[in-house]
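Visitor: Could you have a look at this structure, given as structure tokens, before my questions?
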């Protein structure tokens, strides 16, 4: 099974079990989310407001990842 799919299933099971994500889940999920936003930004053309919004989303995700790594 694909590594990303395995990670996704693990995270879904974690949410299903206790309704929350553990630190390890966040450390797996956030980099995937950042990569997704980067890919979206690279494919969008002619929509400057959307590009700005995605840049903001990426920044928030990166800051969140740094915070989770520290605690």
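Residue numbers (our numbering): 3 to 73. Don't be surprised by glycine CBs; every beta carbon is placed ideally from N, CA and C.
Just reading off the alpha helix (DSSP H) that residue 39 is part of, what are its end residues?
Guide: Start and end: 25–45.
Visitor: Give the DSSP-derived three-state secondary structure of residue 58 in the structure shown.
Guide: In the structure shown, residue 58 sits in a helix (DSSP, three-state: H, G or I).
Visitor: Taking its Cβ as the centre, do 16 or more other Cβ atoms sit within 10 Å of residue 39, making it buried, or is it exposed?
Guide: When all chains shown are included, residue 39 counts as buried.
Visitor: Leaving out five residues before and five after residue 23 in sequence, what residues of the same chain have Cβ atoms less than 8 Å from its Cβ?
Guide: Taken in chain order, the residues that qualify are 13, 16, 17, 31.
Visitor: For the putative contact between residue 25 and residue 70, defined by C-beta atoms under 8 Å, what is the C-beta separation to the nearest angstrom?
Guide: Rounded, the Cβ-Cβ distance is 6 Å, consistent with contact.
Visitor: Quick check: what's the CA-CA separation for residue 47 versus residue 56?
Guide: Each residue's alpha carbon lies about 12 Å from the other.
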